[in-house]
Structure formats: structure tokens, C-alpha cells
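So the protein lines, in turn, are chains A and B. Just so we're aligned, residue 1 is where the first sequence starts under our numbering, counting upward by one. Just so we're aligned, residue 481 is where the second sequence starts under our numbering, counting upward by one. Using N, Cα and C, we set each Cβ at its ideal position, and we do this for glycine too. Working notes for the structure below.
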Amino acid sequence: MLTWIAILILAALSTVAFLVGRRKALASAGGSSAKMHSLPGYYGTYVALWVGVPAALLLFVSIMLGGRLEHGLLTATEPAVLQQLSSEQKELFFEDAQALAEGRQLSEAIYEPDVKLALEAKANEARVYSNAFRQGTFALMGVLVLAGFLWTFPRLNKDFRARNRVEGWVDGLLLACSIVAVITTLGIILSLVWESLRFFSSVPPAEFLLGTHWSPQIGMRDDQVGSSGGFGALPLFAGTFLVMLIAMCVAGPVGLFSAIYLSEYAGPKARAVFKPLLEILAGVPTVVYGFFAALTVGPIFRQAFNSLGGLFLGGPLNELGLYLGQVQNQMALVAGFVMGIMLIPFVSSLSDDIINSVPQALRDGSYAMGATKSETVKKVVLPAALPGIAGAFLLAISRAVGETMIVTMAAGLQAKLTLNPLETVTTVTVQIVTLLTGDQEFDSPKTLAAFGLGLTLFAVTLVLNIVALRIVQKYREQYD
Amino acid sequence: MTDLPLTTTTASDRARDIRAAVESRLKIRHASERRFKLYGQLAIAIALGFLVLLLGRIVTQGASTFVVHSISVQVPLDPARIDQTELEGVNYDLMVADAVLAKLGEKDDDYGSKSEAIKDLMSPDFGFQLLNMIKADASLIGKTVTVSGPLRANADLYFKGEIKRASPEEERTLTNQQLDWLDALKSSGVVTTGFNSGFFTKSDSTEPEQAGVLGAVVGSAMMLLVTAFLAVPIGVMAAVYLEEFAPKNRWTDVIEVNINNLAAVPSIVYGLLGLGLFINTLGVPRSSPLLGGLVLALMALPTVIIATRSSLKAVPPSIREAAFGVGASRTQAVFHHVLPLAMPGVMTGSILALAHALGETAPLLMIGMVSFVPGVPTGFDQAATVLPVQVFIWENASERAFHERTAAAIMVLLVFMILMNAVAIIVRRRFERRW
Chain A
1 MLTWIAILIL AALSTVAFLV GRRKALASAG GSSAKMHSLP GYYGTYVALW
51 VGVPAALLLF VSIMLGGRLE HGLLTATEPA VLQQLSSEQK ELFFEDAQAL
101 AEGRQLSEAI YEPDVKLALE AKANEARVYS NAFRQGTFAL MGVLVLAGFL
151 WTFPRLNKDF RARNRVEGWV DGLLLACSIV AVITTLGIIL SLVWESLRFF
201 SSVPPAEFLL GTHWSPQIGM RDDQVGSSGG FGALPLFAGT FLVMLIAMCV
251 AGPVGLFSAI YLSEYAGPKA RAVFKPLLEI LAGVPTVVYG FFAALTVGPI
301 FRQAFNSLGG LFLGGPLNEL GLYLGQVQNQ MALVAGFVMG IMLIPFVSSL
351 SDDIINSVPQ ALRDGSYAMG ATKSETVKKV VLPAALPGIA GAFLLAISRA
401 VGETMIVTMA AGLQAKLTLN PLETVTTVTV QIVTLLTGDQ EFDSPKTLAA
451 FGLGLTLFAV TLVLNIVALR IVQKYREQYD
Chain B
481 MTDLPLTTTT ASDRARDIRA AVESRLKIRH ASERRFKLYG QLAIAIALGF
531 LVLLLGRIVT QGASTFVVHS ISVQVPLDPA RIDQTELEGV NYDLMVADAV
581 LAKLGEKDDD YGSKSEAIKD LMSPDFGFQL LNMIKADASL IGKTVTVSGP
631 LRANADLYFK GEIKRASPEE ERTLTNQQLD WLDALKSSGV VTTGFNSGFF
681 TKSDSTEPEQ AGVLGAVVGS AMMLLVTAFL AVPIGVMAAV YLEEFAPKNR
731 WTDVIEVNIN NLAAVPSIVY GLLGLGLFIN TLGVPRSSPL LGGLVLALMA
781 LPTVIIATRS SLKAVPPSIR EAAFGVGASR TQAVFHHVLP LAMPGVMTGS
831 ILALAHALGE TAPLLMIGMV SFVPGVPTGF DQAATVLPVQ VFIWENASER
881 AFHERTAAAI MVLLVFMILM NAVAIIVRRR FERRW
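Here you go:
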């Protein structure tokens, strides 16, 4: 509430600063804007920026950090009665103290009378801190507003280069916005690397990358079955690879042939119909594909394989028949197949662009020699477009490796080192989701393993993307 | 030509041979041409076939959600059965069940097995309705009130033909007697068929018949609002900087490569970023639309930047030069002339990026949006769920009745995405200028 009032006051002060700044500049030019260096509004904006922005930034920082600072101060000294509590209870105690101070809902923990007294004492302490912090912030904001005004207002006169100063602010803002993208990358890398380092301090990287036993559930008690936990991620990599391979077997030919048809055979009318239709396929959310895989494609495939297995029963292929009879809904083939459908428009639109950028002169040369259309495509266009198409396929592979929802809903959870498409497999992304949904404790290797997997995934897709984008770019330059 | 062996064939003979050879091969070549073209047509047909199958399955699975079978019962509020000192403890469900049995002309047996069987057919919501009525107006006790609402999911599925009478009794969730009752209620008009408006006005629930998408739709809207307010301004300004202001040096090259690669980072990695950075380091509340919006904004940012840059590139240099010619500064030229002209492209790109963000699920699973949220979210820092995650949650539910709701939620999601795409297309068609 107080924060909102502060924001309103700040906005009002900035407006006032704008008006007086403009007025003073106009007055110094005798009321005629033609004699001024910049338009009158720039003078006002200049003052308003210096009055409003530093204080607003301070307010933002204080909102972001305030709670943590108070928490730090509060936990610096522990009341004596807390020594009997466990560390989790202590944490809850401090949270409740802050909640009590702010008049929020307390947790459901029940405290002994003496602890309760301590809680109230702490809550009072928290009130003192937060009041002091708030007052300090507001005072400092006031100082900044005043300083900003005194820094700019006296310098205003008709020759002051206000427009250049304001544009300097605008440039700074634009630069800051484009740096957000860099910060995002840094944030991704830092958070992945940081948590992964903690993971690799308990599980050696070699075991993680080459081990074949994956069972991240660590038991509560030491004597539980499977309590040791295994973090060999090789089965996950194998599963990811298998699903990706199946997906590319579907998306590669279908996508490439539709691109060839659209760019070489289809007339402008057919193109105008088919291209947007394919784009609809690209716009369908992945969770919808997951639903489709789990409830439509999965049962269809299972029934098909089960009845196929029924044909072999009793014959020389009895073993195979028995095996096919037991195939489940969740298998690598289903996830890979549906992922392949998802990737068709991706492959086709990328390949379409690339085939279209092959110069027409190459085709004309081939036709002049008497080649048919398909011969031209096979012998001239495709070889010329090959590097670009390879790049497009690499991008599609990177998509397939990072795709999450389809595999989560249709591939399964069992980590198996297999290349059999009818088996249930699990992938890197599925495991990240499984490890991180539900209860999380941030010290267990189980949770941190997800960041190890995430780092691997990020590194692999990054390399694929860089190589693919390089190839595509090189290819474009070749024909530009 | 000098070292050709002397043969008896003349030049015209040779030409005839070649022609014969060419003609004999021409058939094969044309056949392969037709084959090749057929492959292309086949590929398109396969892709479009999948599209039709996908959408068709969703519509056929989800359409039944929009029909609901409801029942309305007059329940006598017998003062003897209502302990006024403890209203919460009264067995309202039993009273409703008895009223239904009376309608059927039956009486509960001593073990209460018939009323139990009736309770299985009714949503537990009826009891709460009675409780709330009495709490609001205690004078109702002794009178007869009407409660109405959907039948329990099982009964609903029977009317929709999902549960068949022909299947063996022990394999279905409803007994023969329950089916008889349902038929009797239906033919006497107590059970009515209507449009399932509850699906749009209720939020998630553990009971399929009470579950709706309102909470998820509101959550999605709030999250998208956060995403739009962050990603669009920051993305547009970043693009303006890179396209119009940035000097060509190593730094800006780094930023460029960076943005292109960010666009291809798997979405789940953004979820890890949200977990590691926003939740653990900055303390943004878990499962909140604010957090989801932040994560999706970072994800949408590269797309917005790339779209904005290409539409800025499409504005011809003559516009800038004309602005410079009348004395505008670079900032003025860009903000007064170039950017407004590029705006249709910027809007189209941004809307498409937001539509994509609307359908994104994976990163939201990481940041705790899978939790069960029964109500409509009240604030940007409160727990919320969003449409695609709601789809994921329902798909995982074991009750069969949730499956049709999953498909229906997908239909709602697709309708929103189609609307956004349509807006993008209209903006492009109406305002885009070709230079």
C-alpha cells in the first residue's frame, strides 16, 4: 500500500518536474520555442527523468531485496529457546515471525508457550527492521528526487542541449534492453553450471556420462531397496537418441518431399492453400501432441502389434509373437512417431526456404539439357541445397532432443539401454520433468541431477544449433 | 572425328539409333518423374492427414463434454434430521439420496445400500448446496427446497454411451440396478440434458463433473499479460537498438549470435532457469502467474526481437533519409517514422510469439504450476494453473471422465490460439505495406 503511494507521489513529482522544466526553458527564450536549441518538451523530459528514474530504480531494488535483507537481519541472532528445535523448525519459526509482523497467515506449526513468546519478540523485531528499512528507502528516494532536480533544473536555459541528453537516456534504455538477451544466456549458463557443479561434487562426471544404471530415487532409509541411487545417464541418452531417430525417420522424408512438392511442383494456388495448413500443424501446442500420442496413437499401435503378435503364435516365430503380444501403450515408437509428425512442418518450411534460394539459373540450365523436373531436382537442386538441408535437419534434431511434452506423456519412465523401438524408454527431458515435479529438496543429488541433465541438454542443443546456423548462413551467402 | 573407326552406318542411321534409345528411355524417365511427383503429393497428403486425424480425434473426444446430464431434486428439509447446533455434521447427501429414492418410488433398505448406490450417481456438490442454503437462511428448515446440478461422471458417461449396458456388470462401475434407476429418472424427466456451462464457469476439481477451465483460462490470461508487458517492449527496444543504433563491432556480433541461439534453446531449459534463478535466487513465488510470465517472456524475447528486426529491415532507407533531411535526429527518425511504419510487422510477430507462449507447457512444469489449484487465481503472486498445464494434469488423471475434459480443454486452448493467429493475420493483411 505504502509502495503504491510512493509510486504515485513519484509520478506526480516527475510530472511537476516536467512542467516546471519546460516552463523555465521557455521563459529563458522569451516564450518563443524557435530560439531554443531543442523543443520545449525535451527540457521538461530531461528534468523529469532525473527526478523520477533514480528514485524508481531504488524503490525497485528495495522491493526485490528488502525481504531477504530483513530475513538476514532477523536470523542473525537466535533466541535461546530455539536451540531445542530442528533446523527446519527454525526456518519455519523465522518465516512465521515475518508473517506475524506483516499480518499474514501463519503456518500450521504449533509452538510451545516459551517459543511463542520468542516468536512475538521476533515479530516485533521484524516490524522494527521493516519500518526502519522502509523509512530509510523513502528518505533516500527523497534525497534522490531532490538531487536530481537540483542537478538539472539550474542548468536549463535556451541554449542547453536537452534533446541530446534525453536521447542519451533513450540510447541507454535501448542498449539495456538488448543486453537482457545476453543476461538471459548468462543466467541460463550460470544457474545450470552452478547447480551441476554441486551435483558433480557428489557424482563424478564420468559415472554420470558413461554409467548405465539410472535410478535417482534415493531411499529415506539406508536399508531400503534401491536406496543407493544410480546416476548413470547413458540409458537416458540412448532413449533420447532412439526417439530422435524415429522422429527424424518420419519427419525427414515427409518434410523434405512436401518441401520439394511445394517449391517445385505446386502452383501458386496450391501453395497458398497447403503452406498455411502445414503451419497449423506447427502451431499446435506440444501438450496436444502428447495427448494425441498417449490416447490415440499409443492404443492404435499397441493393438496393431498385439494382433500381429497373435498371428505368429504357435508358428516358427512363436517367441516374437509372445513378445509382440505384450507390447504396451508407452513405447519409443509412439513418442518418436508423433514427434516426427510435429517436426514435419519444421523440416518442410526450412527446406522450402532453402530450395527456393537455389538460383533459378541452375534449374534453367538443367531443363535446357532436356532433364525432367525430377531429374533436375535430384541431380541439380538437391545437391546444390544439400548443405542447407543438412542444417535444417540438424535444427530439427536439436528440436527433437529438447522436446519434452510428447515424450513425458508417451515414452515412459523406465531407463533402459535399448535400441528396440517397441520398448518403453525414457529421455533426458522426461527425467528432468520427473525429478523436478513434486517435492523438492535442494540438497539432494536427485534434484541436482536434473540440472546436470539440463546442462548436458543445453550443451548438446547449443552445439547443434551453432553448427546448423553456421551451415545455413554459409549456404545463403554462397548464393546471395 | 578423325580417329573414328570406319563403319558402314551412316550419320542418319546413328541419329535414328540414338533417337530410338532416347525414346525407349523416355518412358522410364517419365514414369520416374510421375513417381517423384507422387511422392511429393503423398508427403503433403500424409502431413494433412495427420492434421485432420489430430483435430478430428480431439473434437470427437471432447465434444461430449459440452453436453451434461443434470438432475434437480426437491429435498424436504426434515427438522428431525438436521441438528441445528452442528450444521456441518448433518448428512445432507443422505437426504438428497432419500429424496431421489422417493422419486423412484423406492425406499432405502436397513443397511442403507440403496442410498449409497444413489449417492454414487450424484455429485457430492448437492450436500454443499443444501448446507449453504441452510446457512444462509435457517428458516428453510422444515420446508422443501430444490437443488440441481450435474450427475456424477459415471452416470453422465452412461448417458453418453461410454458405459454400455451390454458389457458384463462386474466390468462396469455401475450396477444394473443403478442403470435402471438412471433410465427411470431420464424417462420421467428428472434428469435433463443440457449445455455444460459449468465447464466454463468452474475451476479445477477432483470430481470430473465439477471440473471446469475457468481458473486455467484466467491463469493463462494473467500469465500472458505479464509475458506481453515484458517481452514486447523489451524485445522491440532491443531490436531497434540492434537494427538502427548498434555500431558493427564484436560486441553486437556476440549479441546477435546469442539471440539466434536463444531462439533455439529447448523450452525446458528456460524452466530450469526459472527454478534456479527466479525461485531460488530472487525468491519469486512458486506457481504464480508472475513467475510463469517471467519465464515465458524470456522465451518469447528472441522471437519478438527477430520479428521486429526483419520488419525494421523492410522499411526502406529513403524514409530515414527523408527524416534526416528535414533535420530529425536519429532517435527522432526511428521513433517518429521508421518504427510506426514497421509496427504492423512488429505486432504480427509479437502476437505469434505470445500465441506460442500460450501453448507452452514444459517450462511451467518445472516452476510448480502443476499443483492442484481449485479456484480462480486472485493475484499475480498467487498459485495458479494455466490451460496447457491443466490439459497435462487432466490427461494424467485416472478417471475416464477426465479424458473427454482433457480434449475439451484442448479445444478451448486451440480456440484461443486460433483467435490470436487470426488477429495476427488480420493485422498483417490490413496494415502491412509493401514498398
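- Taken in chain order, the members of the stretch 168 to 185 of chain A whose beta-carbon sits within less than 9 Å of a beta-carbon on chain B are 170, 171, 173, 174, 175, 176, 177, 178, 179, 180, 181, 182, 184 and 185.
- Counting C-beta atoms within 10 angstroms of its own C-beta, residue 402(A) has 16 or more neighbours from the protein chains shown and is therefore classed as buried.
- Remark: three or more beta-carbon pairs, one from each stretch, lie closer than 8 Å, so the stretch 695 to 707 of chain B and the stretch 854 to 866 of chain B are flagged as touching.
- As for any alpha helix (DSSP H) of minimum length 4 sitting wholly inside the stretch 759 to 836 of chain B, the runs are 769 to 793 and 797 to 805, ordered along the chain.
- Under the rule that a run must span 4 or more residues, the alpha helix (DSSP H) segments found entirely inside the stretch 843 to 905 of chain B read 867 to 876.
- Burial state of residue 195(A) is buried, judged by a 10 Å Cβ sphere holding 16 or more other Cβ atoms.
- With at least 16 other beta carbons inside 10 angstroms of its own, residue 70(A) counts as buried.
- Around the C-beta of residue 68(A), fewer than 16 other C-beta atoms lie within 10 Å, and the residue is accordingly described as exposed.
- Neighbours of residue 638(B) across chain A, judged by C-beta separation under 8 Å, do not exist; the nearest C-beta is about 21 Å away.
- At least 8 Å separates the beta-carbon of residue 601(B) from that of residue 689(B).
- Going by beta carbons, residue 868(B) and residue 750(B) fall outside the 8 Å limit.
- For chain A, the residues of the stretch 899 to 910 of chain B that bring a beta carbon within less than 7 Å of one of its beta carbons are 901, in chain order.
- For residue 548(B), the enclosing beta strand (DSSP E) starts and ends at 547 to 556.
- Exposure of residue 626(B) is indicated by the presence of fewer than 16 other C-beta atoms within 10 angstroms of its C-beta.
- Taking 9 Å as the Cβ-Cβ cut-off, the stretch 187 to 218 of chain A approaches chain B at 187, 188, 190, 191, 192, 194 and 195, given in chain order.
- Look at residue 862(B): its C-beta is not under 8 Å from any C-beta on chain A.
- Distance from the CA of residue 145(A) to the CA of residue 11(A), rounded to the nearest whole angstrom, comes to 11 Å.
- Here the stretch 541 to 561 of chain B lies against the stretch 575 to 591 of chain B, with 3 or more beta-carbon pairs under 8 Å apart.
- Judged by beta-carbon spacing, residue 646(B) lies beyond the 8 Å limit of residue 866(B), meaning their Cβ atoms are not closer than that value.
- A straight line joining the alpha-carbon of residue 57(A) with that of residue 97(A) spans about 29 Å.
- Leaving aside the five residues that flank residue 191(A) on each side, none in its chain has a CB nearer than 7 Å to its CB.
- The C-beta distance from residue 544(B) to residue 640(B) rounds to 5 Å, short enough to meet the 8 Å contact threshold.
- At a cut-off of 8 Å, the C-beta of residue 424(A) has no neighbouring C-beta in chain B.
- In this structure, 373(A) is the residue among 26(A), 242(A) and 373(A) with its C-alpha nearest to the C-alpha of residue 518(B).
- Within chain A, no C-beta atom comes nearer than 8 Å to that of residue 882(B); the closest sits roughly 11 Å away.
- Contact annotation: residue 17(A) and residue 149(A) have beta-carbon atoms nearer than 8 Å.
- Restricting attention to 629(B), 542(B), 493(B) and 708(B), the CA atom closest to the CA of residue 549(B) is found in 629(B).
- If you draw a straight line from the Cα of residue 828(B) to the Cα of residue 901(B), it comes to about 9 Å.
- Judged by DSSP secondary structure, residue 38(A) falls outside any alpha helix (DSSP H); it is assigned neither H nor E.
- Here residue 603(B) carries a coil assignment [DSSP, helix/strand/coil].
- For residue 398(A), the chain B residues whose C-beta falls within less than 7 Å of its own C-beta are 744, listed in chain order.
- By the neighbour-count criterion, in which a residue is buried when 16 or more other Cβ atoms sit within 10 angstroms of its Cβ, residue 310(A) is exposed.
- Nearest neighbour of residue 841(B) by Cα position, chosen from 418(A), 136(A) and 406(A), turns out to be 406(A).
- About 6 Å separates the Cβ atoms of residue 397(A) and residue 464(A), confirming a contact at the 8 Å cut-off.
- Following the DSSP letters along the chain, one finds residue 672(B) in no alpha helix (DSSP H) but inside the beta strand (DSSP E) bounded by residues 671 to 675.
- At a cut-off of 8 Å between beta carbons, residue 248(A) makes no contact with chain B.
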